[in-house]
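Notes for the one structure printed next.
Residue numbers (mature numbering (1 follows the signal peptide of the UniProt record, and there is no 0)): -17 to -1, 1 to 379.
Here it is in structure tokens:
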């Protein structure tokens, strides 16, 4: 609550020229006493003195109004927003107040209503301010109007206000840029949301969430190349630290023609302990190398996957890659472990056939025949297995 109102507590009480020196100096003293008060008793003392001083100023509308504003600040200090609101409304009922004072009072009142979740009153107070006093609304009041509409989930009315606040502000505040992004995102105005996301990434490059938002928008707009680029830049910034983010980045990179770099990125993250060796991470690493046709790396990644998560489909794929690479002895060695696993009959038949081919190339003819004979009992592998058996027979 006090975060939003704190700036108002520091507002000047109006130039000394608008008040007599006595009134001005006394109000300044009250303000200083309030700022320096440490205990509830000290705050209560300032309040009583202010009430008495206000009563002594009858006929001095400006002095009374500023006394009421200071009393409102005391009420805020006491967490009594209802009383704070009553003091400001009393001040606004006074006649003959300068525009600057009315501006300050209405701005304060709008903030008080907002802090009490009275969003409709916040909006009506700001509308009154804009129509009666502040013809060119300041950035803070525009942002407050947007926040009130957003709180009512009226993004259509609120978003133009936050756009204008960011435009007129010398240096747009981070929460205002976030609101601009959120408003246009809710309205499905993705191009405008992307402009805000880009600005947030530029101004706050160490915030991982902004990179994620920007990459996500590119994906929603089916601009996968830019999405991959943004994700990769965030990785280089050291902002990718969740498994889900690594996986999204790797898939984007692979889809945009960089499967090898995607797999290498995952391997590096595994090596540096940025990632756990989960099944998803290991499988995507293998798939990246396989897609890039880096077969040695693919085989190594697949073997790591199988050792950690032994599934029959991966085990038989290890055998296929070993045979394709003519790694005969490693094929036999791997099969000796793999065959102990419970597996589907067709998978077992293919594994036996692959091991039989390896044994043949190692000149272990009897072992080759036994394994190929085992494989020939499978309906699906019978043709291949018998073809190898016939070939072996012809070679003898």
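In this text, a Cβ means the ideal position worked out from N, Cα and C, and glycines have one as well.
Coil, strand or helix - residue i by DSSP
i: residue 261; result: coil
i: residue 293; result: coil
i: residue 236; result: helix
i: residue 43; result: coil
i: residue 283; result: helix
i: residue 116; result: coil
i: residue 308; result: coil
i: residue 209; result: helix
i: residue 327; result: coil
i: residue 175; result: helix
i: residue 78; result: coil
i: residue 379; result: coil
i: residue 130; result: helix
i: residue -11; result: Note on residue -11: pLDDT 40, under 50, position unreliable in the model; no value is reported.
i: residue 121; result: coil
i: residue 190; result: coil
i: residue 373; result: helix
i: residue 251; result: helix
i: residue 344; result: helix
i: residue 63; result: coil
i: residue 361; result: coil
i: residue 101; result: coil
i: residue 154; result: coil
i: residue 276; result: coil
i: residue 197; result: helix
i: residue 49; result: helix
Alpha-carbon to alpha-carbon, residue j and residue i
i: residue 51; j: residue 130; result: 27 Å
i: residue 305; j: residue 287; result: 14 Å
i: residue 183; j: residue 232; result: 20 Å
i: residue 310; j: residue 342; result: 11 Å
i: residue -17; j: residue 94; result: The predicted position of residue -17 is uncertain, since its pLDDT is 35 and thus under 50; no value can be drawn from it.
i: residue 199; j: residue 179; result: 13 Å
i: residue 76; j: residue 44; result: 10 Å
i: residue 82; j: residue 118; result: 11 Å
i: residue 106; j: residue 260; result: 53 Å
i: residue 161; j: residue 100; result: 20 Å
i: residue 140; j: residue 85; result: 25 Å
i: residue 57; j: residue 190; result: 37 Å
i: residue 210; j: residue 283; result: 29 Å
i: residue 374; j: residue 194; result: 59 Å
i: residue 316; j: residue 378; result: 25 Å
i: residue 205; j: residue 167; result: 18 Å
i: residue 13; j: residue 115; result: 30 Å
i: residue 38; j: residue 19; result: 24 Å
i: residue 338; j: residue 269; result: 22 Å
i: residue 109; j: residue 249; result: 53 Å
i: residue 187; j: residue 148; result: 19 Å
i: residue 80; j: residue 60; result: 25 Å
i: residue 353; j: residue 285; result: 28 Å
i: residue 366; j: residue 240; result: 38 Å
i: residue 257; j: residue 276; result: 26 Å
Start-to-end residues for the alpha helix (DSSP H) that takes in residue i
i: residue 97; result: 82 to 98
i: residue 241; result: Segment: none, residue 241 is in no alpha helix (DSSP H) and carries neither H nor E.
i: residue 170; result: Careful: residue 170 lies outside any alpha helix (DSSP H) and carries neither H nor E.
i: residue 204; result: No alpha helix (DSSP H) contains residue 204, which DSSP labels as neither H nor E.
i: residue 349; result: 348 to 358
i: residue 146; result: 138 to 151
i: residue 7; result: 4 to 19
i: residue 25; result: 23 to 38
C-beta atoms of residue i and residue j nearer than 8 Å
i: residue 17; j: residue 29; result: yes
i: residue 48; j: residue 74; result: yes
i: residue 89; j: residue 72; result: no
i: residue 334; j: residue 350; result: no
i: residue 163; j: residue 146; result: yes
i: residue 97; j: residue 54; result: no
i: residue 272; j: residue 246; result: yes
i: residue 330; j: residue 362; result: no
i: residue 359; j: residue 345; result: no
i: residue 124; j: residue 135; result: no
i: residue 267; j: residue 302; result: no
i: residue 6; j: residue 33; result: no
8 Å contact criterion, which residue i and residue j should meet: CB distance rounded
i: residue 290; j: residue 264; result: About 14 Å separates the two Cβ atoms, so there is no contact after all.
i: residue 207; j: residue 253; result: So it is not a contact: roughly 25 Å between Cβ atoms.
i: residue 278; j: residue 308; result: 6 Å
i: residue 336; j: residue 370; result: Incorrect: roughly 10 Å between the Cβ atoms, too far for contact.
i: residue 242; j: residue 196; result: That pair is no contact at about 26 Å.
i: residue 203; j: residue 173; result: 6 Å
i: residue 165; j: residue 122; result: Contact flag wrong, Cβ pair sits at about 17 Å.
i: residue 292; j: residue 262; result: 5 Å
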